[in-house]
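Enquirer:
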Amino acid sequence: MSSPFTIGFSEKCIITTRGNCGIGLGYSHALATADARVNSADAPKVAQELQDKYKIKVQAYKRDVTNAERGVGVFVHIDKDIGPVTGLNAGMKSSLDLITEDFSFVNGTNVLGVFNSAVTVAKLNNLSIVITSFTLNDEKTAGAQPDCL
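Counting with my numbering, you get residues 16 to 164 for the letters of the sequence shown.
1. My output table needs one value for G158: the three-state DSSP class, helix, strand or coil.
2. Can you tell me the Cα-Cα spacing of T21 and I114, whole angstroms?
3. Write down every uninterrupted run of the alpha helix (DSSP H) in the region 73 to 98 whose length is 4 residues or greater and which is fully enclosed by it, in chain order.
4. Would V136 and V100 qualify as a contact pair, given that the criterion is a beta-carbon distance under 8 Å?
5. Take V73 and list the residues in its own chain whose beta-carbon comes closer than 6 Å to its own, dropping the five residues that flank it on each side.
6. DSSP three-state call for A58: helix, strand or coil?
7. Specify the secondary structure class of G102 as computed by DSSP and reduced to three states.
8. For a test of the three-state rule: what should DSSP assign to I22, helix, strand or coil?
9. Tell whether a beta-carbon distance below 8 Å holds between S132 and G86.
10. Could you compute how far the alpha carbon of K60 sits from the alpha carbon of D96?
11. Checking 8 Å against the spacing of the C-beta atoms, do T32 and S43 come in under that value?
12. C28 to N82, Cα distance in whole Å?
13. Determine the contact status of G139 and D94, defining contact as a CB-CB distance below 8 Å.
14. Heavy atom of the ligand PLP less than 7 Å from the Cβ of F90, yes or no?
15. Helix or strand or just coil, what does DSSP make of I71?
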């Protein structure tokens, strides 16, 4: 009988840009179970929970992915601290329920932030990039984490 298909991330450093909720949190757990070193964006509580549960190195860094120059510095810092960075999961939030005042901020993060993150991390090392998006409807939003909305 053949063994099950597995993907090993032992000693790999993966950045998740929305690793504190939704699909990004799911990726963070999946990567942690595969022994990856995980970086979760600005989510120290989630980082600590992952580190305690899976006994792996997890850190959270505050970053503004809409600013390419500052983003480069943070990604370089991550690469030195827990790297080398070998992967990126860049998450995007739905824009369905935005009001006009929020449009620039959310789309700056979703589009420009994901682009800046991908370009910056791709320049650090030879790696793979996964870009995800998700939509929250009213039913699902009711139980969602506030920092995920």
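All C-beta atoms in this analysis are idealised placements derived from N, C-alpha and C, irrespective of residue type, glycine included.
Just so it is clear, the structure is predicted and the values come from calculations on it, not from any experiment.
Expert: Answer, in terms of the structure:
1. Any reading at G158 must be qualified, since the residue scores a pLDDT of 44, below 50, and its modelled position is unreliable; no value is offered.
2. Each residue's Cα considered, the two are about 43 Å apart.
3. Counting whole runs of 4 or more residues, the region 73 to 98 contains the alpha helix (DSSP H) stretches 83 to 97.
4. Pairing V136 with V100 gives a Cβ-Cβ distance under 8 Å.
5. Closer than 6 Å at the Cβ level, and outside the excluded window around V73, lie V53, A62, L65, Q66.
6. DSSP places A58 outside both helix and strand once states are collapsed to three, so it counts as coil.
7. G102 carries a strand assignment under DSSP once its states are collapsed to helix, strand and coil.
8. The answer is coil: DSSP assigns I22 none of H, G, I, E or B.
9. Yes, the pair counts as a contact, with Cβ atoms nearer than the cut-off.
10. About 19 Å.
11. The answer is no: Cβ separation not under 8 Å.
12. Their Cα atoms are separated by approximately 22 Å.
13. First, the amino acid is wrong: residue 139 is Leu here, not Gly. Closer than 8 Å, so yes.
14. Ligands are entirely absent from the displayed structure, and the ligand PLP is therefore not among its contents.
15. Secondary structure at I71: coil, using DSSP grouped into helix, strand and coil.
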